[in-house]
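J.: Numbering (this note's numbering), first residue to last: 3 to 421.
Even glycine gets a Cβ: it sits at the ideal position worked out from N, Cα and C.
Quantities reported herein were computed from a predicted structural model and do not represent experimental measurements.
#1: Could you compute how far the alpha carbon of residue 272 sits from the alpha carbon of residue 123?
#2: Considering only residues of the region 212–244, which uninterrupted alpha helix (DSSP H) runs meet the minimum length of 4 residues and lie entirely inside it, listed in chain order?
#3: What are the start and end residues of the alpha helix (DSSP H) that includes residue 32?
#4: Quick one: Cα of residue 337 to Cα of residue 198, how far?
#5: For the region 276–291 against the region 254–266, are there 3 or more C-beta pairs whose distance is under 8 Å?
#6: Hey, how far is the Cα of residue 88 from the Cα of residue 54?
#7: For residue 176, write down the residues that DSSP places opposite it in a beta bridge.
#8: Does the region 308–328 come close enough to the region 399–407 that 3 or more CB-CB pairs lie under 8 Å?
#9: Go ahead and pull the three-state DSSP assignment for residue 190.
#10: Use the C-beta contact count for residue 299: other C-beta atoms within 10 angstroms, 16 or more gives buried, fewer gives exposed.
#11: Is residue 283 a contact residue of the ligand MN, with contact defined as CB to any heavy atom under 8 Å?
#12: Flag this pair as yes or no: are the beta carbons of residue 34 and residue 167 separated by less than 9 Å?
#13: At 4 residues or longer, what runs of the alpha helix (DSSP H) sit wholly inside the region 302–340?
#14: Excluding the five sequence neighbours on either side, which residues of its own chain have a C-beta within less than 7 Å of the C-beta of residue 158, listed in chain order?
#15: Between the region 146–153 and the region 200–216, do three or more beta carbon pairs fall short of 8 Å?
#16: In three-state terms, what does DSSP make of residue 358?
#17: With a threshold of 7 Å on Cβ separation, who are the neighbours of residue 165 within its own chain once the five nearest residues in sequence on each side are excluded?
#18: Please go through the region 362–399 and give each complete alpha helix (DSSP H) segment of 4 or more residues, from N-terminal end onward.
#19: Does residue 418 come out as helix, strand or coil in the three-state DSSP assignment?
#20: DSSP beta-bridge partners for residue 139?
#21: How is the alpha helix (DSSP H) around residue 146 delimited, first residue to last?
#22: Could you have a look at residue 266 and say whether DSSP puts it in helix, strand or coil?
#23: Would you identify the three-state DSSP class for residue 202, choosing helix, strand or coil?
#24: Using 10 angstroms around the beta-carbon of residue 99, count the other beta-carbons present and answer buried if the total reaches 16, otherwise exposed.
#25: Apply the 10 Å Cβ neighbour rule to residue 359 and answer buried if 16 or more other Cβ atoms are within range, or exposed otherwise.
#26: Assign residue 113 to buried or exposed, taking buried as 16 or more other Cβ atoms, counted over all protein chains shown, within 10 Å of its Cβ.
#27: Can you give the Cα-Cα distance for residue 76 and residue 384, rounded to whole angstroms?
#28: Does the beta-carbon distance from residue 78 to residue 3 come in below 9 Å?
#29: Per DSSP, which one or two residues make a beta bridge with residue 98?
#30: With H, G and I counted as helix, E and B as strand and the rest as coil, what does DSSP make of residue 80?
#31: Mark residue 237 as exposed unless 16 or more other C-beta atoms lie within 10 angstroms of its C-beta, in which case mark it buried.
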């Protein structure tokens, strides 16, 4: 990942915030340890922290300008089909000075404006500055994998990958109590809200334009669904299973494109195991990483991860942690968390990522795949409901007993009223 930030000042009051651009960019150092640069003119500033993955040469550094020096981009993400898009542009006579997906993104915008967004296969958050027209164009990927926060008022427009960079501009911290209540219900704060009133998240599948101080947000993607068409195009289970498998494998294969060492997180669960197996088909030297808990054997799943690693013949590394290791990192995680976020695995993933970085720059993760691959107990229960065994078939035969027990329980409860 990389880190991006920027400011568009609309007047002299807003321009005073330009002095914070360097600090805001520096605040994103963990997102991009390989290179930092900033650009600023009279009313616009852009900052970038780079994690080099595709084209690690200086030609791919950002902010990146086109040859005319009119357009510049700061970008966080990866476009998986950038090679195909690059070829299409070359067939139209467009030339390139780097091998990066950043330049493909920039030149697609130059030639097609916002119409190019639905051509992108990947995750991204970026800002393109048109110096001639004095405009900002920002966009976030379809499902919001990459973060993009912003603040807009009468004096300025600010954006960044993380809240800590926004705060470096010296904004007023006013708590959004509605967002706080939502957090207490959901354990996170969904877009477009943040914990602060003035700061918002750009919704997934949306783009934003700043032009002459005017603010415009548009939705460029929603999940397509037509009930009648879906009914007409319905397919059988076997065909759906094969289609899903092919799509999943293609998705994993696309994410293996990198000019730096690449590995995979492996917990031994169904999601990371499936991804490891698919990645291993296309990357024979795949390196996998697991985290274990010396003091908490009940939560230690490294034995399963080792079985999967042995099955797929990956180079496997296990990081075994004590409770003291976990406590040692608590304050580092709290310091880095921008707003309330109740993820019980945050400490584990933080340490796993930190240790993995010593061996690989990119790591595939199965996070979120349980919903697709039936990894929870409720999915197993649903399957047993569809295909009952002797235990499930036996339960209805004792319905008379369950009714009797329920009646007895209700009479017993009635004898002891609450006081």
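T.: The short version:
#1: For this step, residue 272 is matched to residue 270 along the chain shown. For this step, residue 123 is matched to residue 121 along the chain shown. If you take the alpha carbons of residue 272 and residue 123, they lie about 25 Å apart.
#2: Fully contained in the region 212–244 are the following alpha helix (DSSP H) runs of length 4 or more, in chain order: 229–234.
#3: The count along the chain shown starts at 1 and reaches residue 32 at position 30. Taken as a continuous stretch (DSSP letters only), residue 32 belongs to no alpha helix (DSSP H), as it is neither H nor E.
#4: Translated into the one-based positions of the chain shown, residue 337 becomes position 335. Translated into the one-based positions of the chain shown, residue 198 becomes position 196. Going from the Cα of residue 337 to the Cα of residue 198 covers about 17 Å.
#5: In short, these stretches touch, since the Cβ pair count reaches three.
#6: Counting from 1 along the chain shown, the entry for residue 88 is found at position 86. Counting from 1 along the chain shown, the entry for residue 54 is found at position 52. Spanning the two alpha carbons is a distance of roughly 19 Å.
#7: As a first step, residue 176 must be located in the chain shown, where it is residue number 174. Answer is none; residue 176 lacks a bridge partner.
#8: The region 399–407 vs the region 308–328: no contact.
#9: Working through the chain shown from its first residue, we reach residue 190 at position 188. In the three-state reduction of the DSSP assignment, residue 190 falls in the coil class.
#10: Residue mapping note: residue 299 aligns to position 297 of the chain shown, counting from 1. It counts as exposed.
#11: Ligands displayed in this structure: none; no statement on the ligand MN is therefore possible.
#12: Here residue 34 is taken as the residue at index 32 of the chain shown, counted from 1. Here residue 167 is taken as the residue at index 165 of the chain shown, counted from 1. Result no, Cβ atoms of residue 34 and residue 167 do not sit closer than 9 Å.
#13: You should have 304–314, 325–338.
#14: In the chain shown, the residue the question calls residue 158 occupies position 156. Shown here for residue 158: same chain residues with a beta carbon closer than 7 Å to its own, the five before and five after excluded, namely 9, 10, 11, 12, 16, 19 in chain order.
#15: Yes: at least three Cβ pairs fall under 8 Å.
#16: Walking along the chain shown from the start, residue 358 turns up at place 356. Looking at residue 358 - three-state DSSP - the assignment turns out to be helix.
#17: For the purposes of this step, residue 165 is taken as residue 163 along the chain shown, with counting starting at 1. Same-chain partners within the cutoff: 151, 196, 201, 340, 341.
#18: For secondary structure counted as the alpha helix (DSSP H) over 4 or more consecutive residues, the region 362–399 holds these complete runs in sequence order: 372–375, 379–388, 392–396.
#19: Position 416 of the chain shown holds residue 418. Low confidence applies here, because residue 418 scores a pLDDT of 39, under 50, leaving its location unreliable and the question unanswered by this model.
#20: Counting from one through the chain shown, the residue named residue 139 turns up at place 137. For residue 139, which the question treats as bridged, DSSP gives the partners 130, 211.
#21: For this step, residue 146 is matched to residue 144 along the chain shown. That residue, residue 146, is in no alpha helix (DSSP H); it is neither H nor E in DSSP.
#22: Numbered from 1 along the chain shown, position 264 holds the residue referred to as residue 266. When secondary structure is reduced to three states using DSSP, residue 266 falls in the strand class.
#23: Taking the chain shown and counting its residues from 1, the one referred to as residue 202 is at position 200. The three-state secondary structure of residue 202, taken from DSSP, is strand.
#24: Residue numbering aside, residue 99 sits at position 97 when the chain shown is read from its first letter. Exposed is the call here.
#25: By 1-based counting over the chain shown, the position of residue 359 is 357. When all chains shown are included, residue 359 counts as exposed.
#26: By 1-based counting over the chain shown, the position of residue 113 is 111. Classification of residue 113: exposed, given that the 10 Å Cβ count is below 16.
#27: The sequence position of residue 76 within the chain shown is 74, counting from 1. The sequence position of residue 384 within the chain shown is 382, counting from 1. Approximately 46 Å between the Cα atoms of the pair.
#28: Residue mapping note: residue 78 aligns to position 76 of the chain shown, counting from 1. Residue mapping note: residue 3 aligns to position 1 of the chain shown, counting from 1. By the CB criterion at 9 Å, residue 78 and residue 3 fall inside the cutoff.
#29: Numbered from its first residue, the chain shown carries residue 98 at position 96. In the DSSP assignment, residue 98 is bridged to no other residue.
#30: Position 78 of the chain shown, counting from 1, holds the residue named residue 80. Assigned with DSSP and collapsed to three states, residue 80 falls in strand.
#31: Here residue 237 refers to the residue found at position 235 when the chain shown is read from its first residue. Under this definition residue 237 is an exposed residue.
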